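Student:
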């Protein structure tokens, strides 16, 4: 008795949801984690800058800040909103994109996975350059605490971004599944 051919639906060559794929689920979970942590850390940073922007510099003098440092803080206040906008665009917006795109990556979509990989690579390059700048500055000043702080503040997020970049590259997408299905399906007529 000959074997029955597998059920074939030309309109749906792959399963409707990629949620059963553990690689896609793992990538999506890590994208949610990275996006949430990034939005949380950038929000804390922006709140700190907002406090500096709102509170008069004279209030900081008695809190362990010298008068010259308070004067330097006053000169920084006009450009502080631009710095805050740059931090928000480079940190908060990609974090929000990771959270939104994670839903599409979970389904095994190809384009959102590529967009996430592009964002991850761009952020990893920027963090790597900032880490290199901090490390070179700390070595030039022979400041071991700045070296340790730079490694923790930028080195750990950089390692996390590289890990998630690696994970999203291992996720089989619907397009790849459809290509492999068309090559192995003996009942498909060209």
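In this note's numbering, the protein residues as written are -9 to 180. We put the beta carbon where it would ideally sit given N, CA and C, even for glycine. The model shown is predicted, which means the values in this text are computed figures rather than measured ones.
#1: Which residue wins for smallest C-alpha separation from residue 160, given the options 103, 114, 88, 128?
#2: Once DSSP output is grouped into helix, strand and coil, what is the label at residue 56?
#3: Whole-angstrom Cβ separation of residue 145 and residue 121, contact assumed at under 8 Å?
#4: Quick one, which of 77, 135, 91 has its alpha-carbon nearest residue 30's?
#5: What is the rounded straight-line gap between the Cα of residue 93 and the Cα of residue 48?
#6: In terms of residue numbering, what span does the alpha helix (DSSP H) encompassing residue 40 cover?
#7: Looking only at its chain, what residues have a beta carbon closer than 7 Å to the beta carbon of residue 140, apart from the 5 residues adjacent to it on each side?
#8: I need the straight-line Cα distance from residue 39 to residue 52, nearest angstrom please.
#9: If you draw a straight line from the C-alpha of residue 98 to the C-alpha of residue 23, how long is it?
#10: Counting only the same chain and skipping the five closest in sequence on each side, list residues whose C-beta sits under 7 Å from that of residue 74.
#11: Does the separation of the CB atoms of residue 89 and residue 25 fall below 8 Å?
#12: Nearest CA to the CA of residue 43: which residue from 70, 142, 18?
Tutor: Checking against the coordinates, here is how it stands:
#1: The option with the nearest alpha carbon to residue 160 is 103.
#2: Three-state result, residue 56: coil.
#3: Their Cβ separation, rounded to whole angstroms, is 6 Å, which keeps residue 145 and residue 121 in contact under 8 Å.
#4: Comparing Cα-Cα distances from residue 30 to each of 77, 135, 91, the minimum goes to 77.
#5: C-alpha separation (whole angstroms): 47 Å.
#6: Boundaries of the alpha helix (DSSP H) harbouring residue 40: 12 to 44, taken from the DSSP string.
#7: If we look at residue 140 and ignore the five residues flanking it on each side, its Cβ neighbours are 121, 124, 125, 128.
#8: Between the C-alpha atoms of residue 39 and residue 52 there is a straight-line separation of about 19 Å.
#9: Rounded to the nearest angstrom, the two C-alpha atoms are 18 Å apart.
#10: Around residue 74: 36, 39.
#11: In this structure, residue 89 sits near residue 25, with a CB-CB distance shorter than 8 Å.
#12: For residue 43, the closest of 70, 142, 18 by C-alpha to C-alpha distance is 70.
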